[in-house]
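A quick write-up on the structure given underneath.
Set out below in structure tokens:
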């Protein structure tokens, strides 16, 4: 097990009616920037509830709406201009990971002299930030309880993650009922995202982080159990609740600290996101099985056997490569059963930018479970063309 | 899944050499009360390291040593007198759960006008506390990352837990090497304590907290895997590290929130602790199998099957009661294999106070997995006399 520093001060108010706890936002000042995406929070009545609570608290609020999935640096710049102009004290994100990520970088950019994109390119430049509060409406990215934010620069075709402990939300409100209206496709993509975060932590060259590995398996089992239920019964509270909390735990440090390594599938997918603006979880689902098959080797087969036996309940007595391949096949079959595409062509990606994307991956060198070079990235992309 | 509020701001510095992070204590002031037990922290050289860092920080420190296992209210009173007298800013606990629990209540008692025991009897009276910092030397109670403290009043024969979010350590230093010198018997008792915390969370009448249940199983598997290794190889870093972190996670909210229920075996054991001053984990180990057998019924058998299949790897195809009983037998056999006593007479407890203890249990009504009355408590005690 590696040394680690666990520092997650974010408070979580979880469950039905948790929105009442939004009143705690009053601790952080009187002027709020309300950040959200499209119309969905209005359709589900959440917008009105938020506004009512802010009004009851006699808070002034300003709005940044229309934040895109794969949130753009333009939205961040726009938000920070609003914050500076109105002397905003606290940034309130109402939405999924994209909205929360955008709100986080707005919070940092507001108190930064230079351009917001610098904070994405170099996280060490984040030395201060407004407080962030989140109301989560999608089980997926885990942004509600960590310091990460991924921002896209369409102009430069870059989708890059930044991080600061200062970006961790002060508190997050997680009501599973707020995810009842999430579409079938987005629910499936969210499940793939949660599983991918867990895989990035689980498939590690670090030895001896046994408890973390077992917890990763817990989250994977939760996704496998409740993913299909949430698709079939979108208002099944237990399914939505378990997926929502699993999404948080997958990437708040509980799974990674002590066995942390570089990530592999996320950087490969960030290239797809930057070039094609596809749904993040969909890209991860497409790339996961070919990545698994590509890195399977004499060195790594043991970990895949562990995965197959502990997560998929495969018989431990058998040829290790057979068990490993069956585990990978089951992973792919599971994503397929959720209705997720399994090839790049299904999401409109052809070979045009493959070399460029693979080169970009190599520039940041993927030192993960198995280090990946340009050649490796190309091979993985091509396997699912 | 029940609604929950997760709020654990304690920072953890985990791993070899983590003691260097004690320097962060400077954030909380200049005057420290150093709380510890007997000589062990001096023998292992930890005391000298702590003193060196406090001196480098130019901090004044005062000492309360000799804190007992099952820490006494007298120690708390003594500590708070020292804090008031010397204008202490921060309480530093160096030891296991007893020392940390004692330090927590000292921190609250220092800023309380009345007698410290009132804070144990009525946690709502804890409205302020000095900051607490912990250096953990025993994997067991999880006190390093929660707001609980259990204090014994020998005079009134009471061992009672109190709780406040204000008692959560600001940060805790967890170096598995600090547990290398823990004796075989105390290591075993610690494992039983961690497993018991997990059981208290796992055996719950609350439905649908699937992810929490799987995480509980992760911790149980970790104890079962590494407990024997730590006994055989006391300096096995991975064994000590996994047990240490499992001990924290067993009772910091990750296992309980969303499925929280009243506890059963701990209140039964607190009576033993108050009347006989036995080692906490030993009492828990003795009482766990008879409690399991006692509450096994048509209503609860499903949970025991889940436990047997998921933790002990028992074949799910079979008579449920057979699986359940085998799971309980394996639990007992595991504790025995760690060298733990399995009867009360082995730890010098006879029938003398049984009725009194069972009555005390009932006074606080055990509304746990299965509610327990006086009769039930008596039956459980008698089963292991």
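Chains as they are written, first to last, in this note's numbering: chain A, 10 to 394; chain B, 10 to 394.
By construction, the Cβ of each residue, glycine as well, lies at the ideal position given by its N, Cα and C atoms.
Nearest-angstrom Cα separation, counted from residue j out to residue i
i                      : j                      : result
residue 368 of chain B : residue 274 of chain B : 15 Å
residue 209 of chain B : residue 129 of chain B : 21 Å
residue 282 of chain B : residue 104 of chain B : 19 Å
residue 189 of chain B : residue 106 of chain A : 43 Å
residue 185 of chain B : residue 87 of chain A  : 48 Å
residue 260 of chain B : residue 55 of chain A  : 34 Å
residue 187 of chain A : residue 25 of chain A  : 9 Å
residue 298 of chain B : residue 215 of chain B : 22 Å
residue 314 of chain B : residue 334 of chain B : 9 Å
residue 250 of chain B : residue 347 of chain B : 18 Å
residue 288 of chain B : residue 248 of chain B : 22 Å
residue 326 of chain A : residue 338 of chain A : 18 Å
residue 109 of chain A : residue 376 of chain A : 27 Å
residue 407 of chain A : residue 202 of chain A : It is not possible to answer for residue 407 of chain A, since the shown part of chain A is limited to 10 through 394.
residue 316 of chain B : residue 180 of chain B : 33 Å
residue 123 of chain A : residue 80 of chain A  : 20 Å
residue 125 of chain B : residue 91 of chain A  : 51 Å
residue 332 of chain A : residue 70 of chain A  : 56 Å
residue 364 of chain B : residue 197 of chain B : 29 Å
residue 199 of chain A : residue 150 of chain A : 7 Å
residue 11 of chain B  : residue 379 of chain B : 18 Å
residue 133 of chain A : residue 176 of chain A : 12 Å
residue 57 of chain B  : residue 207 of chain A : 41 Å
residue 342 of chain B : residue 137 of chain B : 45 Å
residue 171 of chain A : residue 265 of chain B : 32 Å
residue 67 of chain B  : residue 154 of chain B : 27 Å
residue 351 of chain B : residue 324 of chain B : 27 Å
residue 59 of chain B  : residue 286 of chain B : 30 Å
Contact belief for residue i with residue j at Cβ below 8 Å, rounded distance in angstroms
i                      : j                      : result
residue 139 of chain A : residue 120 of chain A : 7 Å
residue 94 of chain A  : residue 212 of chain A : Contact flag wrong, Cβ pair sits at about 46 Å.
residue 240 of chain B : residue 193 of chain B : 5 Å
residue 82 of chain A  : residue 160 of chain A : 5 Å
residue 296 of chain A : residue 278 of chain A : 6 Å
residue 98 of chain B  : residue 156 of chain B : 20 Å between Cβ atoms; not a contact.
residue 263 of chain B : residue 263 of chain A : 7 Å
Contact under 7 Å by Cβ, residue i with residue j
i                      : j                      : result
residue 152 of chain B : residue 118 of chain B : no
residue 392 of chain B : residue 344 of chain B : no
residue 142 of chain A : residue 116 of chain A : no
residue 148 of chain B : residue 113 of chain B : no
residue 28 of chain A  : residue 182 of chain A : yes
residue 232 of chain A : residue 195 of chain A : no
residue 389 of chain A : residue 272 of chain A : no
residue 330 of chain B : residue 310 of chain B : yes
residue 370 of chain A : residue 243 of chain A : no
residue 218 of chain B : residue 267 of chain B : yes
residue 84 of chain B  : residue 135 of chain B : no
residue 166 of chain A : residue 284 of chain A : yes
residue 31 of chain B  : residue 62 of chain B  : yes
residue 353 of chain B : residue 381 of chain B : no
residue 40 of chain A  : residue 96 of chain A  : yes
residue 163 of chain B : residue 254 of chain A : no
residue 280 of chain B : residue 387 of chain B : no
Partners in chain D for residue i, counting only beta-carbon separations shorter than 7 Å
i                     : result
residue 18 of chain B : Absent from the structure: chain D. Protein chains present are A and B.
- request: Any chance you could list the beta strand (DSSP E) runs of at least 3 consecutive residues sitting entirely within the segment 20–89 of chain A, in chain order?
  value: 20–23, 40–45 and 69–73
task: Could you pull out every unbroken alpha helix (DSSP H) segment of at least 4 residues lying fully inside the segment 297–353 of chain B, listed in chain order?
output: 310–321 and 329–346
message: Between the segment 300–307 of chain A and the segment 358–366 of chain A, can you find at least three pairs of beta-carbon atoms closer than 8 Å?
response: no
query: Any chance the segment 218–233 of chain B sits against the segment 309–320 of chain B, with 3 or more Cβ pairs inside 8 Å?
result: yes
- request: Could I get the ranges of all uninterrupted beta strand (DSSP E) runs contained in the segment 98–171 of chain B, with 3 residues as the minimum, in chain order?
  value: 99–104, 141–145 and 157–162
task: Report yes or no: do the segment 63–77 of chain B and the segment 42–51 of chain B share at least 3 C-beta pairs separated by less than 8 Å?
output: yes
message: Does the structure place the segment 13–21 of chain B close enough to the segment 10–18 of chain A that three or more beta carbon pairs sit under 8 Å?
response: yes
task: Tell me the start and end of each unbroken beta strand (DSSP E) in the segment 171–254 of chain A that is at least 3 residues and wholly inside, in chain order.
output: 180–183
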